[in-house]
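In the working numbering, the protein residues as written are 1 to 160. Below: one structure, written as C-alpha cells.
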Amino acid sequence: MSLSKATVAAIEKQRDRYPQPRSAILPALWAVQHEVGHLSPEAMGEVASLLRVAPSEVEAVSTFYSMYFQKPHGRHEVLVCINVSCGLRGADDIVGHLERTLGCASGETSADGEFTWASTVECLGACGGAPAMQVDHHFHEDLTPERVDDVLARVRNAGT
Numbered sequence: 001m002s003l004s005k006a007t008v009a010a011i012e013k014q015r016d017r018y019p020q021p022r023s024a025i026l027p028a029l030w031a032v033q034h035e036v037g038h039l040s041p042e043a044m045g046e047v048a049s050l051l052r053v054a055p056s057e058v059e060a061v062s063t064f065y066s067m068y069f070q071k072p073h074g075r076h077e078v079l080v081c082i083n084v085s086c087g088l089r090g091a092d093d094i095v096g097h098l099e100r101t102l103g104c105a106s107g108e109t110s111a112d113g114e115f116t117w118a119s120t121v122e123c124l125g126a127c128g129g130a131p132a133m134q135v136d137h138h139f140h141e142d143l144t145p146e147r148v149d150d151v152l153a154r155v156r157n158a159g160t
C-alpha cells in the first residue's frame, strides 16, 4: 500500500504542528481513511512510519475509536436514530425497511459496497424531525420508507 503524495503531505503537516508526533495520530488516521476508505494494517504502518511512532500506538488509537474502520467500508455511511422521539415516530419501521432494502443489518455493508449501515444511534439531535437518519453526515428527517428509498436513490445516483 502506498498513500498518495497529498495524504503523505497532510500527515507530515499535522506531525509538524505538534511537539509530540503522536498527537497527530487522529488527524493522520482521518486522512488515510478519507483516501482509502478504511485503515488496513499496511496503512497504519505507513502512518506510524510517517509519525515516527510505534505501530502499536497507531493500532491502539484506531481500534479504540469506533469512527475508524479496520475493514472495507461502503462508499456511503448510514446512521439511524432510535431514541425516544424517533422511536415514537416510527424508527423501528425505518430500521426494518433499511434491513430489507440494503440487505444487511446494522454494522454491515450492502452487497454492492455502496452503503454501510454503520449503526443505530441513540440521538442525532434531530428530534423535531423524527424519525431521522444521516447519510454521509447529511440529515434526513420526517422519514417514511418511501422517503428512505428516495434518499438512497439520490445518494446512489449522485455518485458521491
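Glycine included, C-beta positions come from ideal geometry on N, C-alpha and C. These numbers come from a predicted model, not from an experiment.
Where residue i sits in the DSSP three-state scheme
i	result
Phe64	helix
Ser119	strand
Asp150	helix
Cys104	coil
Thr7	helix
Gln70	coil
Inter-residue CB distance, residue i and residue j (contact presumed, cutoff 8 angstroms)
i	j	result
Leu79	Met133	6 angstroms
Thr101	Asp149	7 angstroms
Residue from the options with nearest C-alpha to residue i
i	options	result
Val121	Ala130, Asn83, Gly103 and Pro145	Asn83
Glu12	Ala28, Cys86 and Thr109	Ala28
Val47	Glu77, Pro131 and Ala10	Ala10
Ala158	His76, Thr7 and Ser66	His76
Phe64	Arg156, Leu39 and Pro72	Leu39
Thr144	Ala118, Gln33 and Ala130	Ala130
His34	Pro41, Tyr68 and Ala105	Tyr68
Phe86	Asp142, Leu26, Pro55 and Gly107	The question names Phe, but residue 86 is Cys in the sequence shown. Here the closest residue by C-alpha is Asp142.
Neighbourhood of residue i by C-beta, 7 angstroms cutoff - its chain only, sequence neighbours within 5 removed
i	result
Arg15	Pro21, Ala24, Leu50 and Leu51
Ala74	Per the sequence presented here, residue 74 reads as Gly, with Ala not at that position. Cβ within range, chain order: Thr109, Ser110, Gly113, Glu114, Phe115 and Thr116.
Ala31	Thr7, Ala10 and Ile11
Own chain, CB closer than 8 angstroms to residue i, minus 5 neighbours either side, in chain order
i	result
Pro72	Gly37, His38, Thr109 and Gly113
Arg89	Ala130 and Pro131
Neighbourhood of residue i by C-beta, 6 angstroms cutoff - its chain only, sequence neighbours within 5 removed
i	result
Gly128	none
Open item on the list: Within 8 angstroms, do at least three Cβ pairs link the region 56-65 to the region 80-98?
Closed with: Cβ pair count under 8 angstroms is below three, so no.
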